[in-house]
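Please read the structure below before turning to the comments.
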Ligand code: BGC
């Protein structure tokens, strides 16, 4: 549905408008800026950002400082038609600026306001890595729909999401923002998010334009270090990193953001092959491409352009339509066009794409947001809070539950330890900027809301020392210990890669001491990435992966711990056993010497063969058995059926997963690839037959020149409860 935004009447209007535009006005449309910070606080802005990223000030404090900062909103430039888009989260100011654009600029073209609405706005939902553990397309769409509604009421027309970087390296901080390591799950997520954000038809004033980012391969930053170089075969790009973007484009995404990294030695920002040939020509993308923040300028440090002028030239030639914050287009495009280095048709194409989205969004007809609409979500509606709680509890992944310690009984007295249990502002995770901290429910508060008797002692911070006396005080009064351990928000997200992905600080020491008390210990993890926690897996009887679940985190964790909700989340990413295993992911290409006991196999001398927890893994309070896998084929489908029973005592939801392996192919193929999944709810003792279908057209792959190949031969079909534990059948296919 790439013609989602191609509305014939609008196209005509746009042509007329372009005819009237001066060169400066066209360049204005291609320019996105933030307000510039003039002052109002004692420190230089970069230092403030450093303090935030280093965790010396929290998000809340940063927000307060920014609210008081003195800003230049560039009114004169807007009036002169020199700005097409603004990065802003201030609805009243946005109306004021819009009024200048619409009423005082020569052609009255409205601004489009963009903002990072990544996993919610006022209602913050789980971080994407966590939400992806729900494996549910409708939920993915519903959270996006509510995010869009809240953002649009705040005069935000354009969300810089979904982030679709396939992320295989737990060291990379931005794995938190991604739907995880699997291209198929990420593709489902992509189309759902686009549908949720944009609605079924452009123009509805409670929807926003989506932005697929970061195009492309940013998740493959070498050694998981943010902004690092990327090196990959083209077939890997086409088969693994591109599919989520293809899916988002096919769903009608309005915009795409180029990535910071290079691809094949050319920064994505100036990569004509990626932007013009692949995205616009081959995929038929009809929207516009925006750079990532200052990434045109970054080309100078890449050593790919001598200066900002050359960077502007190469970006524009490559097909980058809008410059985010580099001031490259506004400074140099005029000269470059006038001296004939850039054909004016390229600018017309970029402007047409931008106006197409603005018009499609209805901004020409409804440029403002009423005061009444702005305050619509000052108090969060019940429906939003309920969805936040529902997605939060569904995102939780039960990693271990020895002796069925969980669920705990309401009458248990709980020693709650760990700093993270009592920090409401930490529940939201990275990239949450529209919420009120008063809406955030900490785990401590959630357990209290559930009516539990809770004795809380901080005992250990993420970065502050373990205090044995505090542990003793809490443990003495309780019969079970809940330890909330993990990472601070500042430890994941952008510019937050970690070379050591174990539990930070002395949190493991605290857990060891907690075990020594002899009371049952439940570890609740709060983190933005998979952690390497082999000691926990071996020693702590219960591990609940609770990520950063958004504003309803505390209530959701209480729901799961008390058994009001039977956990059903399945990992969207592999947990490595040690950081040295990174990047560790389930769908790696076959090697000539697969990992085994023998020395001359693909393995480490000093690490286990297996990861800690595989992709797709997640326990329930009940158990499921899988039997009788049958695989058949029709002319265009492979059909698998399997019998599944609930063999435990609780009703439970299971995500049934189907993987394929192309056993012989002209290019080395992955050991397993997810191709289908479905969710079922079974009562205790209930048995059902589940059928899953894979279109044969989806069983092929792209070669290095992006020709799609469907090669006859044998395939393994796996169906199971995670990527490791599956039943298996072999089938021969002639396409
Ligand atoms: C990030 C993007 C984000 C942009 C605008 C950049 O630093 O990489 O994901 O959308 O900033 O805030």
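In our numbering, the protein residues as written are 10 to 744.
Even for Gly, the Cβ is constructed at its ideal location relative to N, Cα and C.
By how many angstroms is the C-alpha of residue j removed from the C-alpha of residue i?
{"i": "residue 522", "j": "residue 543", "result": "17 angstroms"}
{"i": "residue 135", "j": "residue 424", "result": "26 angstroms"}
{"i": "residue 300", "j": "residue 310", "result": "16 angstroms"}
{"i": "residue 651", "j": "residue 562", "result": "35 angstroms"}
{"i": "residue 550", "j": "residue 409", "result": "7 angstroms"}
{"i": "residue 392", "j": "residue 216", "result": "17 angstroms"}
{"i": "residue 26", "j": "residue 186", "result": "38 angstroms"}
{"i": "residue 189", "j": "residue 141", "result": "7 angstroms"}
{"i": "residue 234", "j": "residue 503", "result": "10 angstroms"}
{"i": "residue 345", "j": "residue 73", "result": "42 angstroms"}
{"i": "residue 700", "j": "residue 685", "result": "10 angstroms"}
{"i": "residue 712", "j": "residue 445", "result": "49 angstroms"}
{"i": "residue 512", "j": "residue 296", "result": "43 angstroms"}
{"i": "residue 736", "j": "residue 729", "result": "6 angstroms"}
{"i": "residue 663", "j": "residue 192", "result": "21 angstroms"}
{"i": "residue 42", "j": "residue 323", "result": "20 angstroms"}
{"i": "residue 18", "j": "residue 369", "result": "10 angstroms"}
{"i": "residue 84", "j": "residue 212", "result": "27 angstroms"}
{"i": "residue 56", "j": "residue 66", "result": "11 angstroms"}
{"i": "residue 520", "j": "residue 492", "result": "7 angstroms"}
{"i": "residue 240", "j": "residue 386", "result": "45 angstroms"}
{"i": "residue 93", "j": "residue 119", "result": "8 angstroms"}
{"i": "residue 272", "j": "residue 238", "result": "8 angstroms"}
Among the options, which one has its Cα closest to the Cα of residue i?
{"i": "residue 509", "options": "561, 592 and 483", "result": "592"}
{"i": "residue 339", "options": "305, 369, 629 and 381", "result": "305"}
{"i": "residue 494", "options": "552, 481 and 458", "result": "552"}
{"i": "residue 129", "options": "398, 238, 212 and 15", "result": "398"}
{"i": "residue 289", "options": "362, 229, 723 and 352", "result": "362"}
{"i": "residue 252", "options": "723, 531 and 710", "result": "710"}
{"i": "residue 517", "options": "474, 507, 558 and 503", "result": "474"}
{"i": "residue 714", "options": "133, 149 and 245", "result": "245"}
{"i": "residue 420", "options": "412, 456 and 122", "result": "456"}
{"i": "residue 99", "options": "704, 16, 75 and 619", "result": "75"}
{"i": "residue 506", "options": "63, 14 and 12", "result": "63"}
{"i": "residue 292", "options": "278, 271 and 265", "result": "265"}
{"i": "residue 4", "options": "145, 95 and 389", "result": "This structure gives no information on residue 4, because the portion of the chain shown stretches from 10 to 744."}
{"i": "residue 484", "options": "526, 460 and 498", "result": "526"}
{"i": "residue 314", "options": "207, 232 and 276", "result": "276"}
{"i": "residue 453", "options": "669, 570, 413 and 731", "result": "570"}
{"i": "residue 332", "options": "365, 283, 267 and 355", "result": "267"}
What residue does the beta strand (DSSP E) around residue i start on, and which one ends it?
{"i": "residue 495", "result": "489 to 495"}
{"i": "residue 741", "result": "735 to 742"}
{"i": "residue 221", "result": "220 to 224"}
{"i": "residue 461", "result": "From DSSP, residue 461 is part of no beta strand (DSSP E); its letter is neither H nor E."}
{"i": "residue 121", "result": "121 to 124"}
{"i": "residue 113", "result": "No beta strand (DSSP E) contains residue 113, which DSSP labels as neither H nor E."}
{"i": "residue 94", "result": "94 to 96"}
Locate the alpha helix (DSSP H) running through residue i, then write down its first and last residues.
{"i": "residue 158", "result": "146 to 162"}
{"i": "residue 258", "result": "252 to 259"}
{"i": "residue 192", "result": "192 to 207"}
{"i": "residue 384", "result": "Looking at the DSSP string, residue 384 is not in any alpha helix (DSSP H), and its letter there is neither H nor E."}
{"i": "residue 299", "result": "First-last for residue 299: 297 to 299, but that is the beta strand (DSSP E), not the alpha helix (DSSP H)."}
{"i": "residue 143", "result": "First-last for residue 143: undefined, no H or E at that position."}
{"i": "residue 551", "result": "Looking at the DSSP string, residue 551 is not in any alpha helix (DSSP H); the run it does join, the beta strand (DSSP E), is 551 to 554."}
{"i": "residue 324", "result": "317 to 327"}
{"i": "residue 91", "result": "Residue 91 -> no alpha helix (DSSP H), and no H or E assigned at all."}
Cβ contact (3+ pairs, closer than 8 angstroms) linking the stretch 144 to 160 and the stretch 197 to 205:
yes
Fully enclosed by the stretch 620 to 669, which alpha helix (DSSP H) runs are 4 residues long or longer?
none
With distances taken from each beta carbon to the nearest heavy atom of ligand 2, which residues come in below 5 angstroms, in chain order?
No copy of ligand 2 occurs in the structure displayed; its ligands are ligand 1 alone.
Which runs of the beta strand (DSSP E) at least 3 residues long sit entirely within the stretch 28 to 88? Give them in chain order.
40 to 42, 45 to 48 and 79 to 81
Just checking, does the stretch 108 to 115 make contact with the stretch 160 to 170 on the three C-beta pairs under 8 angstroms criterion?
No, the stretch 108 to 115 does not touch the stretch 160 to 170.
Just to confirm the assignment: which complete alpha helix (DSSP H) runs, minimum length 4, are found wholly within the stretch 389 to 452?
391 to 404
Taking contact to mean 3 or more Cβ pairs, one atom from each stretch, closer than 8 angstroms, check whether the stretch 534 to 543 and the stretch 555 to 570 are in contact.
Contact between the stretch 534 to 543 and the stretch 555 to 570 is present, because at least three Cβ pairs lie under 8 angstroms.
Hey, is the stretch 653 to 671 in contact with the stretch 626 to 641, meaning 3+ C-beta pairs nearer than 8 angstroms?
yes
Along the chain, which unbroken stretches of the alpha helix (DSSP H) at least 4 residues long are found entirely within the stretch 467 to 535?
Positions of the alpha helix (DSSP H) runs, each at least 4 residues long and wholly inside the stretch 467 to 535, are given as 477 to 485 and 516 to 525 in order along the chain.
4-residue-minimum alpha helix (DSSP H) runs that sit fully inside the stretch 229 to 295, ordered along the chain:
Segments of the alpha helix (DSSP H) lying fully in the stretch 229 to 295: 252 to 259.
What residue ranges within the stretch 669 to 737 form continuous beta strand (DSSP E) runs of no fewer than 3 residues, ordered along the chain?
682 to 691, 696 to 704 and 722 to 729
Inter-stretch contact (C-beta, 8 angstroms, three-pair minimum) for the stretch 174 to 181 and the stretch 220 to 240
yes
Flag this pair as touching only if the stretch 400 to 409 and the stretch 567 to 578 have three or more C-beta atom pairs under 8 angstroms; answer yes or no.
yes
Pair every Cβ in the stretch 470 to 485 with every Cβ in the stretch 438 to 452, then say whether three or more of these pairs are closer than 8 angstroms.
no
Write down every uninterrupted run of the beta strand (DSSP E) in the stretch 339 to 381 whose length is 3 residues or greater and which is fully enclosed by it, in chain order.
none
Could you pull out every unbroken alpha helix (DSSP H) segment of at least 4 residues lying fully inside the stretch 561 to 612, listed in chain order?
562 to 570
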